[in-house]
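Novice: Here the sequence shown stands for residues 372 to 655, numbered as in our numbering.
Glycine is no exception: its CB is placed at the ideal position from the N, C-alpha and C atoms.
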Amino acid sequence: MADATIIDGRALAGKVKDDLTRRVTALQRQGKNVRLDAVLVGGDQGARMYANNQAKACGAVGIEYVLHELPDTSSESDIIATVDMLNESKVVTAIMVHMPLPDGVDAYEIQARISSDKDVEGVNPANIGNIVFGKRSLVPCTALAVMEMIESTGIELQGARAVCVGASTIVGKPVAVLLMQAEATVTSTNAHTKNQELLTREADILVTAAGVPNLITAEFVKHGAVVIDVGINRVKGKDGKKRTVGDVDFEGVQGIAGFVSPVPGGVGPMTVAMMLRNTVQAAE
Ligand code: NAP
């Protein structure tokens with residue numbers, strides 16, 4: 372059997388961004404603002420790197436990006452005050468709060484505070500809940516990215532067997548519900564699932580978001596399946612240098628699957644593109 376087709380997240384993201392550039396220009400011609408305000412609390416390196424990349428990504432499609440930096444001594448009420456100020460602002464059309472937040476700050480309370488119309492990461496409980504009602508408000512970006520990547524393969528979702536490995540609130544559960552809405556037959560697994568490979572081997576669509584390197588080997592995959600790897604793990608290579616891998620043993624699975632998404636260059640760039648698309652949608 373030939374090697375799987377690679378689902379190129381960067382190429383798919385590029386097409387989305389071309390469309391967004393046109394939509395942003397159209398909004399600006401109508402005198403409408405497209406502006407994303409992000410809140411970064413404390414000096415977490417990963418979050419700062421994400422904020423820098425986000426600023427570049429917004430700039431590339433014409434979205435204005437403003438970063439609000441708060442000290443790591445900020446209390447929950449300090450952060451809520453900033454979110455409230457952004458909720459009320461007429462010029463701010465989109466809001467996101469970078470994770471992690473300082474110890475003692477309840478992320479749920481902060482996310483619940485973001486106006487659901489400006490919540491471009493789709494983390495407000497109202498937006499997450501709307502997925503169950505089939506209302507496509509602002510859907511969590513990674514879940515959207517996964518669905519776009521699955522759809523890009525042309526697979527018929529209705530009646531397909533799908534397995535979602537990992538069931539977090541922000542990735543695994545929303546993906547499972549979106550697949551259910553597309554009338555796939557969905558199984559959700561977690562760290563306690565027994566004989567997981569017996570379930571995954573039945574899957575026409577296999578999405579993994581566990582954060583465990585090499586979890587999904589060729590033995591877990593059905594011939595011809597669509598495999599989407601959400602995992603981002605930092606591991607030491609044979610040369611002792613750190614590199615980023617997903618949950619999938621890419622080399623092994625490539626010989627079995629019909630389609631497979633790589634890490635890096637898969638779900639990551641598409642998640643950024645979906646965040647930009649949500650930002651434009653919020654402004655529209
Ligand atoms: P999370 O909140 O830690 O959830 C992980 C989920 O995986 C939990 O449901 C956990 O089950 C399950 N799990 C852990 N080990 C498992 C195993 N051996 N078999 C089956 N399920 C297992 O993580 P998350 O935020 O969803 O993120 C998951 C991964 O995706 C991470 O690597 C993260 O970095 C990555 N990620 C990537 C993007 C992107 O844009 N590409 C975005 C978000 C996240 P229990 O609850 O039973 O422990």
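With C-beta atoms as the reference, is residue 629 less than 8 angstroms away from residue 596?
Specialist: Yes, the pair counts as a contact, with Cβ atoms nearer than the cut-off.
Novice: Beta-carbon of residue 408 versus every beta-carbon of chain D: anything under 8 angstroms?
Specialist: The structure shown has no chain D; it contains just one protein chain.
Novice: Assuming residue 624 and residue 587 make a contact with CB atoms under 8 angstroms, what is their CB distance in whole Å?
Specialist: That pair is a contact at about 6 angstroms.
Novice: Taking contact to mean at least 3 C-beta pairs separated by less than 8 angstroms, is the stretch 455 to 470 in contact with the stretch 483 to 490?
Specialist: These segments touch.
Novice: To the nearest angstrom, how far is the alpha carbon of residue 633 from that of residue 576?
Specialist: Straight-line Cα distance between these residues: approximately 15 angstroms.
Novice: Measuring straight from C-alpha to C-alpha, what distance separates residue 562 and residue 537?
Specialist: Using only the alpha carbons, I get a separation of about 7 angstroms.
Novice: For residue 491, which three-state DSSP category applies?
Specialist: Coil.
Novice: Quick check: the Cα distance between residue 426 and residue 552, rounded to an integer number of angstroms?
Specialist: If I take the Cα positions, the gap works out to 33 angstroms.
Novice: Return the chain-ordered list of same chain residues with a C-beta closer than 6 angstroms to the C-beta of residue 443, the five sequence neighbours on each side being excluded.
Specialist: Only 413, 473 meet the Cβ criterion.
Novice: Could you check what DSSP says for residue 518 in three-state terms: helix, strand or coil?
Specialist: In this structure, residue 518 counts as helix in the three-state DSSP scheme.
Novice: Can you find the residues in the same chain that come closer than 8 angstroms, C-beta to C-beta, to residue 572, ignoring five residues on each side of it along the sequence?
Specialist: Result list for residue 572: 590, 591, 592, 593, in chain order.
Novice: Since I believe residue 380 is in contact with residue 639 (beta carbons under 8 angstroms), could you give me their beta-carbon distance rounded to a whole number of angstroms?
Specialist: Between residue 380 and residue 639 the Cβ distance is about 6 angstroms, and since that is below 8 angstroms, they are a contact.
Novice: In the structure shown, what three-state DSSP assignment does residue 641 receive?
Specialist: In the structure shown, residue 641 sits in a helix (DSSP, three-state: H, G or I).
Novice: Given the structure, does residue 373 come close to the ligand NAP, in the sense that its CB is under 7 angstroms from one of the ligand's heavy atoms?
Specialist: No; taking the cut-off as 7 angstroms, the Cβ of residue 373 has no heavy atom of the ligand NAP nearer than that.
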